[in-house]
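Novice:
Number of protein chains: 2
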Amino acid sequence: MGVQFRQVVIVGVGLIGGSLGLVLKQKGLAGSVVGVGRRIENLEKAVELHAIDRYETDVRNAIHDADLVVLATPVQTYASHLRDWGQTLQSGAIVSDVGSVKGGLVEEAEKLLPAAVHFVGAHPIAGREKSGVAYASPNLFDGARCLVTPTKQTDPQALEAICQLWEAAGSIVLSMDPFVHDWVLGSVSHLPHVAAFGLMHALDDLQAQMEAPVDLLDFSGGGLRDTTRIAASSPEMWRDISLANRQNLVRMIETYIQHLEKFKDLLEKEDEVGLVEVMTKAKELRERLK
Amino acid sequence: MGVQFRQVVIVGVGLIGGSLGLVLKQKGLAGSVVGVGRRIENLEKAVELHAIDRYETDVRNAIHDADLVVLATPVQTYASHLRDWGQTLQSGAIVSDVGSVKGGLVEEAEKLLPAAVHFVGAHPIAGREKSGVAYASPNLFDGARCLVTPTKQTDPQALEAICQLWEAAGSIVLSMDPFVHDWVLGSVSHLPHVAAFGLMHALDDLQAQMEAPVDLLDFSGGGLRDTTRIAASSPEMWRDISLANRQNLVRMIETYIQHLEKFKDLLEKEDEVGLVEVMTKAKELRERLK
């Protein structure tokens with residue numbers, strides 16, 4: 001049984017879009033998969049990797065027969081996309097996405113689509129510091145969480161189809177309010193990225209404050225490497241994510257700064273007990289992460 | 001040829017002290033290795049693991065025949081140790097350490113020792129989030145950097161002996177001024193620890209700011225796990241390190257906060273170009289880490 005689509009259109013064939021294409025093809029979940037993008041070279045690469053069957057550079061050429069359209073472009077582009085071709089979708093079609101930010105975007109997408117077309121927000125949590133279809137893998141989502149973000153308007157059958165799709169990809173599918181989603185992801189993903197970006201800049205600044213002819217980065221150990229790994233993420237992608245979730249993220253950065261200030265105060269006061277308390281709590285919290 | 005000690009005393013037989021003992025024994029660098037500590041159970045464990053030949057709970061009982069004493073206790077204890085037994089060392093003996101902070105401590109140690117006893121500061125950069133002799137390994141230092149921190153007073157032969165010891169352990173030995181050492185380590189190790197401690201606390205705070213009954217830590221991905229791995233380090237050890245290097249660390253936390261504030265400003269202004277610039281530079285810096 002399971003879910004089966006006739007024609008899936010993936011708008012944006014990068015790491016996530018391409019990996020989804022590989023899942024759809026290899027699990028036999030779609031009759032055909034059409035990739036849409038702007039860079040022909042990239043789309044040809046996707047065909048070569050069997051992530052898509054064929055491609056179009058204009059979504060409107062691909063859309064009329066689609067029963068599923070997946071937006072795998074930056075969330076900032078959703079509205080213009082849906083305005084462009086939302087009304088041309090066939091009745092009963094599902095529009096979903098793979099974006100890292102949801103919130104008000106889901107409601108906006110619902111408003112831009114005809115009543116007979118169903119939007120279902122989805123977010124497979126499968127980031128990598130790498131991007132591009134060349135890194136796509138059908139196993140990218142295996143064992144990872146995928147959050148679906150239904151609203152009161154969401155069609156139950158469309159929701160079920162999207163859940164089945166991500167379960168077929170090996171993901172653990174969880175449902176969450178779109179606004180809660182953004183707070184959660186802001187906390188566990190967007191803020192850590194900002195922390196890592198900031199740490200690299202701080203090191204650069206601390207290098208400039210040094211007189212000795214020593215390259216700080218020559219002395220990094222495993223701790224620094226781990227702590228800053230995600231600082232090498234795609235700048236364009238993270239510009240888009242940060243801006244889309246900026247209201248939460250600004251509050252979160254403020255919260256982070258408060259805790260750094262607290263630590264600094266304890267150091268300045270040489271408060272041994274306070275420092276051990278802070279570090280012990282940090283250790284306990286960290287040990288709860290699996 | 002190579003360095004050879006008659007009797008080595010390791011004061012503090014934990015992860016680092018125990019691993020050094022294993023190196024000394026397995027490479028045949030010491031006639032005998034005496035461990036000194038307070039917890040009998042731990043010392044017996046160290047004997048069982050062949051990290052030391054025997055143990056004493058009072059350093060003074062072990063010290064008279066030693067040609068090398070290695071301080072592997074918190075740097076805050078050095079002065080009281082050296083006052084206690086520094087004058088009873090035999091002429092020509094070397095005192096070294098494995099501490100993560102140097103700076104003024106090296107000069108202080110030199111002042112507390114008789115002229116015929118040589119202090120050589122050393123710092124094998126081989127941290128782990130685990131601590132205790134149970135995790136000791138003779139390979140802990142293999143391929144890792146070891147910084148030696150000579151001063152104008154340092155005896156060249158004693159320095160050479162300590163360099164040979166760490167080279168025998170497989171380390172890449174580099175020489176650095178004690179104060180430069182503290183700025184370097186503050187930047188690449190101590191500040192990242194503070195960043196990770198702070199991030200765990202921020203998450204805890206962001207959890208408290210949520211109304212939805214969702215456990216944030218259930219949604220952590222690889223990014224958060226990496227970024228906060230070192231938050232699980234030993235609180236007691238990091239209290240000591242942070243306090244010993246607090247003057248540098250306070251300045252470094254301030255620098256870090258400035259960069260976080262800058263990022264927050266860019267977000268608030270929705271400065272797309274500025275955000276991409278910051279992230280691109282962070283990515284370039286990160287990619288320089290090997």
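Line order of the protein sequences matches chains X and W. Per this note's numbering, residue 1 is the first one in the first sequence, and the count goes up by one each step. Per this note's numbering, residue 1 is the first one in the second sequence, and the count goes up by one each step. Positions of the beta carbon are idealized from the N, C-alpha and C atoms, including for glycine.
For alanine 195 of chain W, which option in W:Thr255, W:Pro124, W:Met237, W:Glu287 has the closest C-alpha, if you only look at C-alpha atoms?
Specialist: For the purposes of this step, residue 195 of chain W is identified with residue 195 of the second sequence, where counting begins at 1. Comparing Cα-Cα distances from alanine 195 of chain W to each of W:Thr255, W:Pro124, W:Met237, W:Glu287, the minimum goes to W:Thr255.
Novice: Any contact between the stretch 220 to 236 of chain X and the stretch 153 to 171 of chain X? By contact I mean 3 or more CB pairs, one from each, below 8 angstroms.
Specialist: no
Novice: Enumerate in chain order the residues of its own chain whose CB-to-CB distance from methionine 176 of chain X is below 8 angstroms, with the five nearest sequence positions on each side excluded.
Specialist: Locating residue 176 of chain X in the first sequence gives position 176, where the first residue counts as 1. Answer for methionine 176 of chain X: Leu147, Val148, Thr149, Val184, listed in chain order.
Novice: Would you tell me roughly how many angstroms separate the C-alpha atoms of serine 234 of chain W and aspartate 67 of chain W, rounded to the nearest one?
Specialist: Locating residue 234 of chain W in the second sequence gives position 234, where the first residue counts as 1. Locating residue 67 of chain W in the second sequence gives position 67, where the first residue counts as 1. For serine 234 of chain W and aspartate 67 of chain W, the distance between alpha carbons rounds to 31 angstroms.
Novice: Is serine 171 of chain W near alanine 136 of chain W, with beta carbons less than 8 angstroms apart?
Specialist: The residue given as residue 171 of chain W occupies position 171 in the second sequence. The residue given as residue 136 of chain W occupies position 136 in the second sequence. In this structure, alanine 136 of chain W does not lie closer than 8 angstroms to serine 171 of chain W by Cβ.
Novice: Using a Cβ-Cβ cutoff of 7 angstroms, what residues of the stretch 51 to 78 of chain W are near chain X? List them in chain order.
Specialist: Residues passing the 7 angstroms Cβ filter: none.
Novice: Hey, is threonine 151 of chain W's beta-carbon within less than 8 angstroms of any beta-carbon in chain X?
Specialist: If you number the second sequence from 1, residue 151 of chain W lands on position 151. Judged by the 8 angstroms Cβ criterion, threonine 151 of chain W is not in contact with chain X.
Novice: On the CB-based measure, 16 or more other CB atoms within 10 Å of its CB, does proline 138 of chain X come out buried or exposed?
Specialist: Locating residue 138 of chain X in the first sequence gives position 138, where the first residue counts as 1. Buried, by the Cβ-count rule.
Novice: DSSP beta-bridge partners for leucine 266 of chain W?
Specialist: As a first step, residue 266 of chain W is located in the second sequence; it is residue number 266 there, counting from the start. In DSSP, leucine 266 of chain W forms no bridge with anything.
Novice: In chain X, which residues lie less than 8 angstroms from proline 192 of chain W when you measure between Cβ atoms?
Specialist: Looking up residue 192 of chain W in the second sequence gives position 192. The answer, in chain order, is Leu199, Gly223, Leu224, Thr227, Thr228.
Novice: Mapping DSSP to helix, strand and coil, what is arginine 38 of chain W?
Specialist: Walking along the second sequence from the start, residue 38 of chain W turns up at place 38. Coil.
Novice: Could you spell out where the beta strand (DSSP E) holding aspartate 97 of chain W opens and where it closes?
Specialist: Reading the second sequence from its first residue, position 97 is the one you call residue 97 of chain W. That run of the beta strand (DSSP E) goes 94 to 97.
Novice: To test your reading of the DSSP string, which unbroken beta strand (DSSP E) runs of 3 or more residues are found completely within the stretch 72 to 153 of chain W?
Specialist: 94 to 97, 118 to 120, 122 to 124, 145 to 148
Novice: Excluding sequence positions up to five away, which residues of its chain have a Cβ less than 7 angstroms from the Cβ of threonine 227 of chain W?
Specialist: By one-based count along the second sequence, residue 227 of chain W stands at place 227. The residues are Ala196, Leu199.
Novice: So which of W:Leu203, W:Glu236, W:Ala115 has the shortest CA-CA distance to threonine 88 of chain W?
Specialist: Residue mapping note: residue 88 of chain W aligns to position 88 of the second sequence, counting from 1. Of the candidates W:Leu203, W:Glu236, W:Ala115, W:Ala115 places its Cα closest to the Cα of threonine 88 of chain W.
Novice: Does isoleucine 125 of chain X have its Cβ less than 8 angstroms from a Cβ in chain W?
Specialist: For the purposes of this step, residue 125 of chain X is taken as residue 125 along the first sequence, with counting starting at 1. Yes, because at least one Cβ of chain W sits closer than 8 angstroms to the Cβ of isoleucine 125 of chain X.
Novice: Would aspartate 204 of chain X pass as an interface residue toward chain W - the criterion being a Cβ-Cβ separation below 8 angstroms?
Specialist: For the purposes of this step, residue 204 of chain X is taken as residue 204 along the first sequence, with counting starting at 1. Chain W contact via Cβ: present.
Novice: What are the residues that DSSP puts in a beta bridge with leucine 22 of chain W?
Specialist: Taking the second sequence and counting its residues from 1, the one referred to as residue 22 of chain W is at position 22. Per DSSP, none; premise fails for leucine 22 of chain W.
Novice: Please go through the same chain and pick out, in chain order, the residues whose beta-carbon is closer than 8 angstroms to the beta-carbon of valine 98 of chain X, but skip the five residues on each side of it.
Specialist: By one-based count along the first sequence, residue 98 of chain X stands at place 98. Around valine 98 of chain X: Ile16, Gly17, Leu20, Val70, Leu71, Ala72, Ala122, His123, Pro124.
Novice: Apart from the five residues just before and just after tyrosine 55 of chain X, which ones in its own chain have a Cβ nearer than 6 angstroms to its Cβ?
Specialist: As a position in the first sequence, residue 55 of chain X is number 55, starting the count at 1. In the same chain as tyrosine 55 of chain X, and ignoring 5 residues on each side of it, the C-beta atoms closer than 6 angstroms to its own belong to Gly35, Leu43, in chain order.
Novice: Output the boundary residues of the alpha helix (DSSP H) element that contains isoleucine 241 of chain W.
Specialist: As a position in the second sequence, residue 241 of chain W is number 241, starting the count at 1. Its alpha helix (DSSP H) spans residues 235 to 244.
Novice: Of all the CB atoms in chain X, is at least one closer than 8 angstroms to the CB of phenylalanine 292 of chain W?
Specialist: Nothing in the structure corresponds to residue 292 of chain W, since chain W is present only between 1 and 290.
Novice: Measuring CB atoms only, is the stretch 261 to 271 of chain X touching the stretch 102 to 110 of chain X, in the sense that at least three cross pairs come out at less than 8 angstroms?
Specialist: no
Novice: With DSSP as the reference, label glycine 31 of chain X as helix, strand or coil.
Specialist: Here residue 31 of chain X corresponds to residue number 31 of the first sequence, with the count starting at 1. Three-state result, glycine 31 of chain X: strand.
Novice: Answer with yes or no whether the minimum CB distance from alanine 158 of chain W to chain X is below 8 angstroms.
Specialist: To locate residue 158 of chain W, count along the second sequence from 1; it is residue 158. So no, alanine 158 of chain W is outside the interface.
Novice: Restricting to Cα atoms, I'd like to know which of X:Leu24, X:Ile230, X:His201 is closest to leucine 191 of chain X.
Specialist: By 1-based counting over the first sequence, the position of residue 191 of chain X is 191. Per the Cα distances, X:Ile230.
Novice: In three-state DSSP terms, what is leucine 165 of chain W?
Specialist: As a position in the second sequence, residue 165 of chain W is number 165, starting the count at 1. In the structure shown, leucine 165 of chain W sits in a helix (DSSP, three-state: H, G or I).
Novice: Contact criterion: CB-CB distance below 8 angstroms. Does leucine 289 of chain X meet it with respect to chain W?
Specialist: Here residue 289 of chain X refers to the residue found at position 289 when the first sequence is read from its first residue. Closer than 8 angstroms to some Cβ of chain W, the Cβ of leucine 289 of chain X qualifies, so yes.
Novice: Using a C-beta cutoff of 8 angstroms, does proline 114 of chain X count as contacting chain W?
Specialist: In the first sequence, counting from the first residue as 1, residue 114 of chain X sits at position 114. Proline 114 of chain X does not count as touching chain W.
Novice: Using a Cβ-Cβ cutoff of less than 7 angstroms, which residues in the same chain neighbour leucine 174 of chain X once the five nearest sequence positions on both sides are dropped?
Specialist: Looking up residue 174 of chain X in the first sequence gives position 174. Closer than 7 angstroms at Cβ, skipping near neighbours: Arg145, Leu147.
Novice: Hey, histidine 201 of chain X and lysine 281 of chain W are a contact pair by Cβ (cut 8 angstroms); roughly how many whole angstroms apart?
Specialist: Position 201 of the first sequence, counted from the start, is the residue given in the question as residue 201 of chain X. Position 281 of the second sequence, counted from the start, is the residue given in the question as residue 281 of chain W. Contact holds; Cβ gap of about 7 angstroms.
Novice: Among residues of its own chain, excluding the 5 on either side of valine 278 of chain X, which ones have a beta-carbon nearer than 8 angstroms to its beta-carbon?
Specialist: Here residue 278 of chain X is taken as the residue at index 278 of the first sequence, counted from 1. Once the five neighbours on either side are set aside, the close Cβ partners of valine 278 of chain X are Lys262, Phe263, Leu266.
Novice: Between glycine 14 of chain X and glycine 132 of chain X, which are expected to be in contact by the criterion C-beta below 8 angstroms, what is the C-beta distance as a whole number of angstroms?
Specialist: Counted from its first residue, the first sequence places residue 14 of chain X at position 14. Counted from its first residue, the first sequence places residue 132 of chain X at position 132. Their Cβ separation, rounded to whole angstroms, is 6 angstroms, which keeps glycine 14 of chain X and glycine 132 of chain X in contact under 8 angstroms.
Novice: Can the beta-carbon of valine 9 of chain X be found less than 8 angstroms from the beta-carbon of histidine 81 of chain X?
Specialist: In the first sequence, counting from the first residue as 1, residue 9 of chain X sits at position 9. In the first sequence, counting from the first residue as 1, residue 81 of chain X sits at position 81. It is not a contact, given that the beta carbons lie outside the stated cut-off.
Novice: For serine 91 of chain W, count neighbouring Cβ atoms within 10 angstroms of its own Cβ and tell me buried if that reaches 16, exposed if not.
Specialist: Counted from its first residue, the second sequence places residue 91 of chain W at position 91. Per the 10 Å Cβ criterion, exposed.
Novice: Could you tell me which of X:Leu113, X:Glu110, X:Gln7, X:Ala79 sits nearest to asparagine 61 of chain X, measuring between CA atoms?
Specialist: Walking along the first sequence from the start, residue 61 of chain X turns up at place 61. Answer by Cα proximity: X:Gln7.
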